[in-house]
Structures are given as structure tokens and as C-alpha cells.
Amino acid sequence: MPRALITGITGQDGFYLSEHLLKQGYDVYGLIRGQANPKRPLLERTLPDVRIVDGDLLDQASLMNIIQKVKPDEVYNLAAISFVMLSWNQPELTGEITGLGALRVLEAIRLNAAASPSRSKSGIGIKFYQASSSEMFGKVRETPQNEQTPFHPRSPYGVAKAYAHYITVNYRESYNIFACSGILFNHESPRRGPEFVTRKLTIGAARIKAGLQNELVMGNLESRRDWGYAGDYVRAMHLMLQQAEPDDYVIGSGETHQIKEFAELAFARLGLDYREFVRSDPQFMRPAEVDLLIADPSKARRKLRWKPEVSFRRLVDMMVDADVEAESRVQAATA
Ligand code: GDP
């Protein structure tokens, strides 16, 4: 059985990727940070087949031990401080985890291979996936963005992700590690954290419909994003590691929509006009904004034969419906 180790297992992508790999017959190990991690019980309940290992991206020795113990065939580095707004408040921590965290995982792979050369007949045996981000394009230099588009990150998060991307490429070139960087555009689902704009809108719409609140305070509704469904995007992560050669790929839908279009569709799903409820407030505006993202995913289509299955509209509907259902479950439990 192939064995995968996933960092960031308790996040949205960790969940979908685990589910996908378990279906493919993998043994899945998930790295969990910290004592009494509040997300651990949910992980144990929803994905009982995932084996949990304790470690921290800030702790090089813990990563070395885990790689040695688990002996994974594939490592997916999904762990990060991933909320862009937070990265201005904790820029150093973001650099440590989102940026240097990738280096520490790569070092753990490299040093383990050096200690047991039998695993490294043709380079280092363990394959590595880095979760890179369209936020690296930031103030975009060209439209749409492809693998060759220069980076111009606009947040400490984007800067940290750019470091992690380049160190992944560098370890591939320096040590012959099978290391791939997936430059994923925004990807969402009912499991998206409530701090992200899509989920904030779908939870808000569901609560307004249920009469639990009457307005929703947002930030900049003008920016544009290329949104897809996380369940589609994790398939691309896995495909990258199954190719003959390691490489970098842009993964996105090739469509872009304004935040207010997402709001419009989400509220319309519930028969509401978002303009009556959604308000923009400076408290949610960012010091530097990424105005426009749109992927050119043609390389992934061509080489990985990957394409997304869930459309923008279906994604919005899926997220709204899930939040309406979750809200009615809470109501029923408290009635
Ligand atoms: P990001 O693209 O990784 O930063 O993903 P987000 O979902 O956090 O934000 C996407 C876009 O939505 C950005 O341009 C934000 O400025 C914009 N936005 C507008 N209002 C909000 C809000 O209330 N919360 C968040 N998270 N983003 C907002």
C-alpha cells in the first residue's frame, strides 16, 4: 500500500485529499500540531482511517522523526497560516510556518534519505508536494496567470508562499528530489474556514434567511477571484506526484468573478437580494489588495489531464445549501 503523509490534515484540503487518497488505497498519516488540538476530535470522527502523528512545522527534529517512522512514499505539505488578513498581524509567524515550514519538511526528507541511501537509488525516493498559491501573483504582471508569470505578492502570506515555492524548486534542482509545486487558485467548499470570503457570505446568507441576523459586514466587494471546488483540486495534487517528472502546475478554473457576484448568487439561492443586507466596511479592507486573479490551467489540462468538474454556480449552491442545513440543525438542537 502506498503511504502518504499530509501536513495541514485538519484544514479543508487535508480533509479532501485524505478522502481521495484513502479511496485510492493509500495509508494516510496526518501531522497534528500541539497538545489538545481542538480540531483533532473532528478529524478522528470524520476520517477514522487517518493515522495521526504529532509534530510541528516549527520543530525540525519532530519532522525528521516522523519521516523516519512513517517512511512515506509521498509527502503533501498543506500546513500554513493560510488566512491572508491574519498574515499582516503575525507576519513573522507566517514566514516561519508558511515559508520556512516547507524548507523544514524538505530538509527532513533530504536528511533521512542521506541517512538511509538504499531509499535513494535514483535520487531521493520520497515525493514532495508543496501547496503553492495564486496569492504569489498578487499585483498580477499578466492575465491570465500561468506557470511562467512573475510573482508580485501583496501580503506577508504571499511572500512566505513565494519563498516556499522557490525552495521547492531549488531542492528539486539541487538534490534531485521529486518535488512539485501546485499553484492553486482559490478553492472552496462547505469545509472552507468561516473567515474566508465565500464561506462568510454563505454562512451570512443562511443566517439572514433564518432571521438570525439582518446584515453582513464585508470588506472589498470589487476584487476578482478564480474560484473552484476543493474536492476537484486535491485530485490535481495527487496527479502531479504520479507523473514521470516533477514539475510545477497552475490549477484553477480559468474563470474570474467579483466578490459581489458570489454574494449575488449566494443570496439569490435563498430568494434574497444581497444589496439589502451586505455592507462594505473599512475594517475588512486590506493594506494591499490582490485585485484580479484568473488562472491559465492549460498545462494541467494537457499534462495531467485534469479539469474541474464543479462549476462556479454549483459551488455557490453547494456551499449555501450546506450552511442552510447546518443552521437548521443548530436550530433544531437548541429548540
Ligand atoms: P484570498 O484570496 O486568499 O485572500 O481569500 P479570501 O477569501 O480571504 O479573500 C478573497 C477576497 O475577498 C479578497 O480580495 C478580500 O479582500 C475580499 N473580501 C471582501 N470582504 C471580505 C471579508 O469580509 N472577508 C474576507 N476574508 N475577504 C473579504
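Residue numbers for the sequence shown follow this note's numbering, beginning at 15 and rising by one. Every residue gets a Cβ at the ideal spot worked out from N, C-alpha and C, and that includes glycine.
Checklist entry - Is it a yes or a no for the region 211–218 touching the region 158–167, going by three-plus beta-carbon pairs under 8 Å? => result no
Checklist entry - So what does D335 bridge to, in DSSP terms? => result D335 pairs with nothing; no bridge assigned.
Next on the checklist: Taking a contact to mean a Cβ-Cβ separation below 7 Å, would you say Q144 touches S195 in this structure?
Outcome noted: yes
Checklist entry - Roughly how many whole angstroms lie between the Cα atoms of Q8 and H201? => result Residue 8 cannot be examined here, being either before or after the span of the chain that is shown, 15 to 349.
Checklist entry - For L230, which residues from the same chain have a beta carbon less than 6 Å from its beta carbon, with the 5 sequence-adjacent residues on both sides left out? => result G218, F291, V292
Next on the checklist: Nearer than 6 Å: is that true of the beta carbon of S237 relative to any heavy atom of the ligand GDP?
Outcome noted: yes
Checklist entry - Should S148 go down as buried or exposed, given a rule of 16 or more other Cβ atoms within 10 Å for buried? => result buried
Checklist entry - Does DSSP classify T21 as helix, strand or coil? => result strand
Next on the checklist: Restricting to Cα atoms, I'd like to know which of A309, K141, A340 is closest to E259.
Outcome noted: K141
Checklist entry - Less than 7 Å separating the beta-carbons of V304 and G207? => result No, Cβ-Cβ distance for V304 and G207 is not below 7 Å.
Checklist entry - Where does the unbroken beta strand (DSSP E) through R9 begin, and where does it stop? => result There is no way to answer for residue 9, as the model of the chain reaches only from 15 to 349.
Checklist entry - What's the C-alpha gap between T348 and P62? => result Spanning the alpha carbons of T348 and P62 requires a straight line of approximately 28 Å.
Checklist entry - Is S134 helix, strand or coil when you go by DSSP? => result Confidence at S134 is low in this model, with a pLDDT of 47, below 50, so its placement is unreliable and no value can be given for it.
Next on the checklist: Could you check whether V64 and G39 sit closer than 7 Å to each other, using their CB atoms as the reference points?
Outcome noted: no
Checklist entry - Any chance the CB of I66 is under 6 Å from a heavy atom of the ligand GDP? => result no
Checklist entry - Since L318 and Q159 are thought to touch, with beta carbons under 8 Å apart, how far apart are those beta carbons, to the nearest angstrom? => result That belief does not hold up - the Cβ atoms of L318 and Q159 are roughly 17 Å apart, past 8 Å.
Checklist entry - Just to confirm, are P311 and I265 a CB contact at a threshold of 7 Å? => result yes
Next on the checklist: Tell me the residue span of the beta strand (DSSP E) that contains N91.
Outcome noted: 88–91
Item to check | N- and C-terminal bounds of the alpha helix (DSSP H) containing G115 | outcome: 115–129
Checklist entry - With contact counted as at least three CB pairs below 8 Å, one residue from each stretch, are the region 28–37 and the region 236–252 in contact? => result yes
Next on the checklist: I'd like to confirm the pairing. Which residues does DSSP put opposite D41 in its beta bridges?
Outcome noted: In DSSP, D41 forms a bridge with R17.
Checklist entry - Can at least three beta-carbon pairs, one atom from the region 72–81 and one from the region 115–127, be found at a separation below 8 Å? => result Verdict: yes, contact present.
Next on the checklist: For a test of the three-state rule: what should DSSP assign to K141, helix, strand or coil?
Outcome noted: strand
Next on the checklist: In the DSSP assignment, the beta strand (DSSP E) including R54 goes from what residue to what residue?
Outcome noted: Counting along the chain, R54 falls outside any beta strand (DSSP E), though it belongs to the alpha helix (DSSP H) covering 54–60.
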